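Only one structure is covered here, and it is reproduced in the block below.
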Amino acid sequence: MKIEVKHNRICAGAFLVCMALIIVYLSGIFLSQRVEEQLYPSAGLSETKMLSDYYPDLKGSPVDTEVYIFRGKKPGASMLVLGNTHPTEPSAIVSTTIVLENAMVEEGTLYVIPRVNKSAMSHTDPQDATPLGIHIDTPNGQRYFRVGSRMTNPVHQWPDPDIYYHNAGQLLTGKETRNVDRTYPGRTDGNLTEKICYGIVELIKAEKIDMTIDTHEGPPEYPTIDVMIAHQNAMELAGTTALNLSLEDVEIRVDASPVNLHGFSHRELGDHTDTMAVLVETVNPVMGRLAGKKSEELMLEGRDKFYQYASENSDRLYTEYTAEGKPLNLRVARHVETIMQLAASYNEMDTGKRLEITGVPTYAEIMENGMGQYLGGK
Ligand SMILES: [Zn+2]
């Protein structure tokens, strides 16, 4: 009897020690999502501001974020590029980083916010089993990019209301109050996510930004992929860009931003400021419901036999899905080329201003040499 009690105590002790080790290990992974990766802006960087410089209420909050500014030798037109609106969309993350780390501005001004929602980058979506991040080989060693959540971290903004009531009278499910691309134009008496949006609107107004490009990805079964969604004020710009992109072998659609769909950057930034707002999308199988195991390999290589099967046997996908898949390299090349063609197409419009950006790789260069070639490092 005595031996049995002793044996049970040893088992219970061993069990508790194992549990403690597992908790320590998992806590390390959980907290590692808050560690920011190093970025390497190009030599063309003129100044780094914070979003709180435009909206002081953000100072000291978990969503204050860097605004990288590249000024040309001559004044001219200005462009704002947004990345990590949704940190689940790696082509947006990597393409804005490539622009940040390569751009040299000759004329006009380029603004890049590579981490629009830092809070959403600090955690992952529960029950989704997506990889925590991606690794990309570069000539300067391997770079790591976290893949976070679509939404602001509930540690920073909680609880969600049952219904999200947008100022324009639109009702959405409560968790959308944590989605930057549903809470534009933001408000000063709102939640943390709405304050990010308000800060971006303040920046656009203060700097008189001519074009704002919000980068995204979507799953193959959604209609909003391989597309530019443009505010009516930006339709000429987006149309000219689509034409110019087709000359570079990049086929892209232009959709008009629906007038009554509120909270999106392509609607509210155009309605509430003078900027030409365009949202760009590529295709990411990891975000879809048909995808197989949501591994880092799938995120990088984009090959998925289930989407291939769906593409071959139905007309329900909004893209052709072949055995080649939709590699991240292709998606990044599309986004980078689209951003640069938007700047080039602006110069074809009759505005009296120009934006000249050099140093950023073309679609063909990224496809040939790989995106890693254009990521900086120590
Ligand atoms: Zn998105």
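Numbering (the working numbering), first residue to last: 166 to 543.
We treat Cβ as the ideally placed atom computed from N, Cα and C, and that holds for glycine.
All figures in this text were calculated on a predicted structure; none of them were measured in a lab.
- Item | Residues that DSSP places opposite G298 in a beta bridge | What you label residue 298 is simply residue 133 of the sequence shown in a count that begins at 1. Answer by DSSP bridge pairing, in chain order: R311.
- Message: At the level of alpha carbons, what is the spacing between A294 and S192?
- Response: Locating residue 294 in the sequence shown gives position 129, counting from the first residue. Locating residue 192 in the sequence shown gives position 27, counting from the first residue. Each residue's Cα considered, the two are about 17 Å apart.
- Message: I'd like to know whether the C-beta atoms of S256 and A285 end up nearer to each other than 7 Å.
- Response: Residue 256 sits at position 91 when you count from the first residue of the sequence shown. Residue 285 sits at position 120 when you count from the first residue of the sequence shown. Not a contact, by the Cβ cut-off of 7 Å.
- Q322 classed as buried or exposed, judged by whether at least 16 other C-beta atoms fall within 10 angstroms: As a working note, residue 322 is residue 157 in the sequence shown. Q322 should be labelled buried.
- Item | Reference D420; option with closest CA among A442, E341, L455 and E530 | Start at 1 with the first residue of the sequence shown, and residue 420 comes out as number 255. Comparing Cα positions, the closest option is A442.
- Is the distance from the Cβ of V228 to the Cβ of I361 below 7 Å? Start at 1 with the first residue of the sequence shown, and residue 228 comes out as number 63. Start at 1 with the first residue of the sequence shown, and residue 361 comes out as number 196. Closer than 7 Å, so yes.
- Endpoints, the alpha helix (DSSP H) within which T261 is located: For the purposes of this step, residue 261 is taken as residue 96 along the sequence shown, with counting starting at 1. Here the alpha helix (DSSP H) through T261 covers P255 to N267.
- Start-to-end residues for the alpha helix (DSSP H) that takes in G435: In the sequence shown, residue 435 corresponds to position 270, counting from 1. Here the alpha helix (DSSP H) through G435 covers S430 to H437.
- Query: Hey, H331 and G428 are a contact pair by Cβ (cut 8 Å); roughly how many whole angstroms apart?
  - Reply: Locating residue 331 in the sequence shown gives position 166, counting from the first residue. Locating residue 428 in the sequence shown gives position 263, counting from the first residue. About 5 Å separates the two Cβ atoms, so the contact holds.
- Item | In DSSP terms, what I394 is bridged to | In the sequence shown, the residue the question calls residue 394 occupies position 229. Partner(s): D420 and L444.
- Message: Taking its Cβ as the centre, do 16 or more other Cβ atoms sit within 10 Å of D367, making it buried, or is it exposed?
- Response: Sequence index remark: in the sequence shown, residue 367 carries index 202 (1-based). Just to set this straight, residue 367 is Glu in the shown sequence, not Asp. Result: buried.
- Task: Would you decide whether M184 is buried or exposed? Buried here means 16 or more other CB atoms lie within 10 Å of its CB.
- Result: The residue labelled residue 184 in the question sits at position 19 within the sequence shown. Under this definition M184 is an exposed residue.
- Say whether the segment 347-365 touches the segment 478-488, bearing in mind that this needs 3 or more beta-carbon pairs closer than 8 Å, one atom from each stretch. no
- Query: In chain order, which alpha helix (DSSP H) runs of at least 4 residues are fully inside the segment 438-506?
  - Reply: 461-466 and 470-478
- Could you tell me whether any non-hydrogen atom of ligand 1 is closer than 6 Å to the CB of H500? Here residue 500 refers to the residue found at position 335 of the sequence shown. Incorrect: H500 has no Cβ contact closer than 6 Å to ligand 1.
- Message: Any heavy atom of ligand 1 closer than 6 Å to the beta-carbon of H431?
- Response: Walking along the sequence shown from the start, residue 431 turns up at place 266. For ligand 1, not one heavy atom lies less than 6 Å from the Cβ of H431.
- Task: Please state if the CB of S211 and the CB of I234 are separated by a distance shorter than 7 Å.
- Result: Here residue 234 refers to the residue found at position 69 when the sequence shown is read from its first residue. Here residue 211 refers to the residue found at position 46 when the sequence shown is read from its first residue. Yes, they are a contact pair.
- Identify whether V552 lies in helix, strand or coil by the three-state DSSP scheme. This structure leaves residue 552 out entirely; the chain is present only between 166 and 543.
- Using DSSP with H/G/I as helix, E/B as strand and the rest coil, what is L204? Here residue 204 refers to the residue found at position 39 when the sequence shown is read from its first residue. It is coil, neither helix nor strand.
- Task: Compute the distance between the beta-carbons of E382 and G453, then report whether it is under 7 Å.
- Result: Stepping through the sequence shown from its first residue, residue 382 is reached at position 217. Stepping through the sequence shown from its first residue, residue 453 is reached at position 288. No. Outside cutoff.
- Message: Quick test of your reading: S207 and N267, contact by CB under 8 Å. State the CB separation rounded to the nearest angstrom.
- Response: Counting from 1 along the sequence shown, the entry for residue 207 is found at position 42. Counting from 1 along the sequence shown, the entry for residue 267 is found at position 102. About 5 Å separates the two Cβ atoms, so the contact holds.
- Query: What do you reckon, is the C-beta of E254 under 6 Å from a heavy atom of ligand 1?
  - Reply: For this step, residue 254 is matched to residue 89 along the sequence shown. Yes; taking the cut-off as 6 Å, the Cβ of E254 has a heavy atom of ligand 1 nearer than that.
- Item | Limits of the unbroken alpha helix (DSSP H) element including I234 | Stepping through the sequence shown from its first residue, residue 234 is reached at position 69. No alpha helix (DSSP H) holds I234; the beta strand (DSSP E) holding it covers E231 to R236.
- Quick one: is Q292 buried, meaning 16 or more other Cβ sit within 10 Å of its Cβ, or exposed? As a first step, residue 292 must be located in the sequence shown, where it is residue number 127. Q292 comes out exposed.
- Item | Inter-residue CB distance, A498 and Y486 (contact presumed, cutoff 8 Å) | Within the sequence shown, numbered from 1, the residue matching residue 498 stands at position 333. Within the sequence shown, numbered from 1, the residue matching residue 486 stands at position 321. Actually they do not touch by this definition, with Cβ atoms about 18 Å apart.
- What does DSSP give as the partner residues of Y276 in its beta bridges? For the purposes of this step, residue 276 is taken as residue 111 along the sequence shown, with counting starting at 1. Y276 is bridged to I234 and L245.
- Message: Taking the alpha carbon of R432 as the reference point, which residue from S422, T440, G490 and D439 has its own alpha carbon closest?
- Response: Position 267 of the sequence shown, counting from 1, holds the residue named residue 432. Of S422, T440, G490 and D439, the residue nearest in Cα terms is S422.
- May I ask which residues mark the beginning and end of the alpha helix (DSSP H) holding Y387? Taking the sequence shown and counting its residues from 1, the one referred to as residue 387 is at position 222. Y387 -> no alpha helix (DSSP H), and no H or E assigned at all.
- Message: So, for T406: in the same chain, excluding its five sequence neighbours on each side, which residues have a beta-carbon less than 6 Å away from its beta-carbon?
- Response: Your numbering for residue 406 matches position 241 in the sequence shown. The residues are Q506, L507 and S510.
- Query: Does DSSP classify G339 as helix, strand or coil?
  - Reply: Against the sequence shown, residue 339 aligns to sequence position 174. Looking at G339 - three-state DSSP - the assignment turns out to be helix.
- Indicate, with yes or no, if ligand 1 has a heavy atom lying under 6 Å from the CB of H251. Taking the sequence shown and counting its residues from 1, one reaches residue 251 at position 86. Yes, ligand 1 has a heavy atom inside 6 Å of this Cβ.
- Message: Buried or exposed, going by whether 16 or more other CB atoms sit within 10 Å of the CB of E341?
- Response: The residue labelled residue 341 in the question sits at position 176 within the sequence shown. E341 comes out buried.
- Task: Count the C-beta pairs between the segment 386-396 and the segment 456-469 that are closer than 8 Å, then say yes if the count reaches three, no if not.
- Result: no
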